[in-house]
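K.L.:
Residue numbers (this note's numbering), protein chains in the order written: chain X, 1 to 390; chain S, 1 to 390. Backbone N, C-alpha and C define an ideal beta-carbon position, used for all residues, glycine too.
1. Between residue 295(X) and residue 259(X), is the Cβ-Cβ spacing less than 8 Å?
2. Would you report the Cα separation of residue 346(S) and residue 297(S), rounded to the nearest angstrom?
3. When the Cβ atoms of the stretch 7-20 of chain X are set against those of the stretch 231-249 of chain X, are three or more pairs found closer than 8 Å?
4. I'd like to know if residue 361(S) contacts chain X, where contact means its C-beta is closer than 8 Å to some C-beta of that chain.
5. In the structure shown, what three-state DSSP assignment does residue 165(X) receive?
6. Going straight from the alpha carbon of residue 304(S) to that of residue 380(S), what length do you get?
7. Along the chain, where does the alpha helix (DSSP H) containing residue 323(X) start, and where does it finish?
8. Who are the Cβ neighbours of residue 429(S) in its own chain at under 7 Å, not counting the five residues just before and after it?
9. Specify, as a first and last residue, the run of the alpha helix (DSSP H) that residue 331(S) falls within.
10. Hey, would you say residue 53(S) sits closer than 8 Å to residue 67(S), going by beta carbons?
11. Just checking: is the beta-carbon of residue 64(S) within a distance shorter than 8 Å of some beta-carbon in chain X?
12. Considering only the beta carbon of each residue, do residue 72(S) and residue 226(X) sit closer than 8 Å?
13. Taking only the alpha-carbon atoms, compute the straight-line gap between residue 240(S) and residue 196(S) and give it to the nearest angstrom.
14. Inspect the beta-carbon positions of residue 201(S) and residue 170(S) and report whether they are closer than 8 Å.
15. Nearest-angstrom Cα distance between residue 157(X) and residue 349(X)?
16. Given a limit of 8 Å on CB to CB distance, which residues of the stretch 115-132 of chain S reach chain X?
17. Bridge partners of residue 315(X), per DSSP?
18. In angstroms, rounded to a whole number, what distance separates the CA positions of residue 25(X) and residue 100(S)?
19. Can you tell me whether residue 283(S) is buried or exposed? The criterion is at least 16 other CB atoms within 10 Å of its CB, across all chains shown.
20. Rounded to whole angstroms, what is the Cα-Cα separation between residue 182(S) and residue 223(S)?
21. Would you please verify whether the beta carbon of residue 4(S) is less than 8 Å from any beta carbon of chain X?
22. For the stretch 140-157 of chain S against the stretch 122-130 of chain S, do three or more pairs of beta-carbon atoms, one drawn from each stretch, fall closer than 8 Å, so that the two count as touching?
23. Alpha carbons only, please: which of 136(S), 43(S) and 28(S) is nearest the one belonging to residue 34(S)?
24. Which first and last residues belong to the beta strand (DSSP E) in which residue 367(S) is found?
25. Using three-state DSSP, classify residue 263(S) as helix, strand or coil.
26. Mapping the DSSP letters down to three states, classify residue 250(S) as helix, strand or coil.
27. Got a sec: which bits of the stretch 75-90 of chain X sit with their beta carbon under 9 Å from any beta carbon on chain S, in order along the chain?
28. Going by beta carbon distance, what residues of the same chain come within less than 6 Å of residue 318(X), once the five residues before and after it are set aside?
29. Closer than 7 Å, Cβ to Cβ, to anything on chain S: give me those residues from the stretch 365-378 of chain X, in chain order.
30. I'd like to know if residue 153(S) contacts chain X, where contact means its C-beta is closer than 8 Å to some C-beta of that chain.
31. Within its chain, find whatever has a CB closer than 7 Å to the CB of residue 254(X); leave out the 5 residues flanking it on each side and keep chain order.
32. Distance cutoff 8 Å, beta carbons only. Does residue 94(S) sit that close to anything in chain X?
33. How about residue 326(X): is its C-beta nearer than 8 Å to some C-beta of chain S?
34. Would residue 45(X) pass as a contact of residue 216(S) if the rule is Cβ separation under 8 Å?
35. DSSP three-state label for residue 392(S), please.
36. What runs of the beta strand (DSSP E), each 3 residues or longer, lie entirely inside the stretch 212-247 of chain X?
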């Protein structure tokens, strides 16, 4: 079930160890499911219980530690030797008496790793405050530090094999968005629209299937279109509705997001104008992006264009995307905003999403891109315009 | 957009405050999205950034604190007065320089709440180790304690209005599982099967639409059927495959899960025998469950039946379910396992799932139930048997 070659996984582990060495980290406890997948291949919906991949500077292969029943999936999906897959018993699961990190502490001590410099992913969803407290209690001789972003910043430049997955996700995206816009109509229930989106994106193409996206279809509508993270109800679309689709094609956990805005019926002047400005700005940003420019310089292109119209957008206009699990398809590295001085490089993949949100309407027109040797290319391919269905 | 009456929300807040008072908690910071929804009604896919609902013992209404762009959705979905909806600026989002909990600390101090006894949900996915560190740093005069489960244990007995939602989720479940079993066949790609499941569950019934379930369709197959949290690939189903569907109908964030096992072609003796034992045990547990019995007593009924066959299952055979967000539809309260002395009460809702997992195959036949005044009733309605498609 390996999704990349064993060699590619080993190269990733090597890069992680180099970064650990550089920072004097002896043990890295990876709890971010995407980072776990990146170094081990492990892939299952088990992150609702505590689990990790531990990388030891003085051991060749990482160790997967999780719930015993998920060790079966680890043996099937990870490249690790089976003695490096360690399961804890079920009475640790969601218990008020014992914590899985107590077990992890024991494993680390047994392996002679209990008194090391240990780094943890302090701001990851799957490393709770209690995880940290339990580890500190269980390993009083260890020192702890924050490895936030350590693996994420390695992931940020994709291998050719990863780019191939991103492009497949893009193909699913193109097909799915096209189908969604075709299906949308006045009188369709929003839940049926969401159902159709799920169907096409999960089915994928004839050549390859789709995976679940890390975020559900976001489809705010009408006067709620400015509330960009609303999902759906069972109400019907009405004439005059503004509809936003923010979706992602997903192939083997790799995401290619896109958003488009559709007017059901004749658009208002305000909507047309906002869409025009958004597209103009997005085009300018994509024309600008190439290796060597920084994330904040790309944002400035957008902001300067907006300024012409007397407008201002507070929120970032994009972020790095790729391999992920719920609740986010962003990689928590690059944000295209003032202050982010990341220099863009070939094979970085970004979702450029200059969403314009107002109290009573909104416009989103966005694309996922790959930075190429000389500029950038979009991963999906749907016309960049305000769609109008009359 | 309120999903329950304002009075029901206020009653919930009152119950939370009573529990706070009992424990000497002055400020409760709720970061679990399901608990946030429970007390405020707030519902959006925004939990990938830090957010919370804060309950102050000396203030009447809770305060929503989150990303400024999500404040729009908060104003639309929560019952709270608008001055109690507070947004932080975008430069706090996934920043390596500042943390949203720094902002929260400032808000608390401004409201005169910075030196109080503050409780946080220590083991919730959306309260990371960094959240806790930042709060402790920002509020040096506060004392902190763990409110893990505080709201969850209030949620565990459902109101009649919530039971109505659970029953609707059960109707979606019944329809969806029936459709899934009908659609399943040799030669169907697993991704197309998943697509069909998503379609029917999201579309819901003619009367009401479905919501997204907190866990994606779990559908381990064949020799991988024992790896219970695997999702899907784009391979085709083969003759002789064992197929497990673990799914949930969802209505307005309320879940009614179910699992069934299907044999494509003639089942092996081993499979038939395991299915028979599973159903027998499940039936006995459901016959036993009524108000007044404990969770561990219900498990003992299962374990004793299994013992007759010389079998043993380590993992819990069920848990409380209801309102939730990814990554789990379990409520992190009751586990049906040895040591759990929770006394069952009317309007508790449980997913009874005695899954039998082996290295090379597995069986899952499970039902969601409501504890009634005299026993229990299932929320979905699909025959409890090993399905065979030849």
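P.N.:
The short version:
1. Here residue 295(X) corresponds to residue number 295 of the first chain, with the count starting at 1. Here residue 259(X) corresponds to residue number 259 of the first chain, with the count starting at 1. No, the Cβ-Cβ distance between residue 295(X) and residue 259(X) is not below 8 Å.
2. Along the second chain, read from residue 1 onward, the residue named residue 346(S) stands at position 346. Along the second chain, read from residue 1 onward, the residue named residue 297(S) stands at position 297. Near 17 Å, if we compare the C-alpha coordinates of residue 297(S) and residue 346(S).
3. no
4. Indexing the second chain from 1 puts residue 361(S) at position 361. For residue 361(S), the answer is no, since every Cβ of chain X falls outside 8 Å of its Cβ.
5. Counting from 1 along the first chain, the entry for residue 165(X) is found at position 165. Residue state, collapsed to three classes: helix.
6. The count along the second chain starts at 1 and reaches residue 304(S) at position 304. The count along the second chain starts at 1 and reaches residue 380(S) at position 380. If you take the alpha carbons of residue 304(S) and residue 380(S), they lie about 26 Å apart.
7. Locating residue 323(X) in the first chain gives position 323, where the first residue counts as 1. Premise fails: residue 323(X) is in no alpha helix (DSSP H) and is neither H nor E.
8. Absent from the model: residue 429(S). The displayed extent of chain S is 1 to 390, so no value can be given.
9. What you label residue 331(S) is simply residue 331 of the second chain in a count that begins at 1. Premise fails: residue 331(S) lies in the beta strand (DSSP E), 330-335, not in any alpha helix (DSSP H).
10. To locate residue 53(S), count along the second chain from 1; it is residue 53. To locate residue 67(S), count along the second chain from 1; it is residue 67. The answer is no: Cβ separation not under 8 Å.
11. Walking along the second chain from the start, residue 64(S) turns up at place 64. With 8 Å as the cut-off, residue 64(S) does not count as an interface residue toward chain X.
12. Locating residue 72(S) in the second chain gives position 72, where the first residue counts as 1. Locating residue 226(X) in the first chain gives position 226, where the first residue counts as 1. Cβ distance < 8 Å, so residue 72(S) and residue 226(X) count as in contact.
13. For the purposes of this step, residue 240(S) is taken as residue 240 along the second chain, with counting starting at 1. For the purposes of this step, residue 196(S) is taken as residue 196 along the second chain, with counting starting at 1. When rounded, the distance between both Cα atoms is 22 Å.
14. For the purposes of this step, residue 201(S) is taken as the residue at position 201 of the second chain. For the purposes of this step, residue 170(S) is taken as the residue at position 170 of the second chain. Contact: no.
15. For the purposes of this step, residue 157(X) is taken as the residue at position 157 of the first chain. For the purposes of this step, residue 349(X) is taken as the residue at position 349 of the first chain. Their backbone Cα atoms lie some 8 Å apart in a straight line.
16. 120, 122, 123, 124, 125, 126, 127, 128, 129, 130, 131 and 132
17. Position 315 of the first chain holds residue 315(X). Bridge partners of residue 315(X): none, in fact.
18. By 1-based counting over the first chain, the position of residue 25(X) is 25. By 1-based counting over the second chain, the position of residue 100(S) is 100. Using only the alpha carbons, I get a separation of about 27 Å.
19. As a working note, residue 283(S) is residue 283 in the second chain. Looking at its Cβ environment, which holds fewer than 16 other Cβ atoms inside 10 Å, residue 283(S) is exposed.
20. Within the second chain, numbered from 1, the residue matching residue 182(S) stands at position 182. Within the second chain, numbered from 1, the residue matching residue 223(S) stands at position 223. So the alpha carbons of these two residues sit roughly 22 Å apart.
21. The count along the second chain starts at 1 and reaches residue 4(S) at position 4. With 8 Å as the cut-off, residue 4(S) does not count as an interface residue toward chain X.
22. yes
23. Sequence index remark: in the second chain, residue 34(S) carries index 34 (1-based). Nearest C-alpha to residue 34(S): 43(S).
24. As a working mapping, residue 367(S) is identified with position 367 in the second chain. Here the beta strand (DSSP E) through residue 367(S) covers 366-371.
25. Looking up residue 263(S) in the second chain gives position 263. Looking at residue 263(S) - three-state DSSP - the assignment turns out to be strand.
26. As a first step, residue 250(S) must be located in the second chain, where it is residue number 250. Residue 250(S) falls in the strand class under three-state DSSP.
27. Considering only beta carbons, the part of the stretch 75-90 of chain X lying closer than 9 Å to chain S consists of 75, 76, 77, 89 and 90, in chain order.
28. Locating residue 318(X) in the first chain gives position 318, where the first residue counts as 1. The residues are 336, 350, 351, 352 and 353.
29. none
30. The residue given as residue 153(S) occupies position 153 in the second chain. Not one chain X Cβ lies under 8 Å of residue 153(S).
31. For the purposes of this step, residue 254(X) is taken as the residue at position 254 of the first chain. Closer than 7 Å at the Cβ level, and outside the excluded window around residue 254(X), lie 162, 165, 166, 169, 322 and 323.
32. For the purposes of this step, residue 94(S) is taken as residue 94 along the second chain, with counting starting at 1. Yes - at least one Cβ of chain X is within 8 Å of the one on residue 94(S).
33. Indexing the first chain from 1 puts residue 326(X) at position 326. Yes, contact with chain S.
34. By 1-based counting over the first chain, the position of residue 45(X) is 45. By 1-based counting over the second chain, the position of residue 216(S) is 216. Yes. Within cutoff.
35. In the structure displayed, chain S extends from 1 to 390; residue 392(S) sits before or after that span and is not available.
36. none
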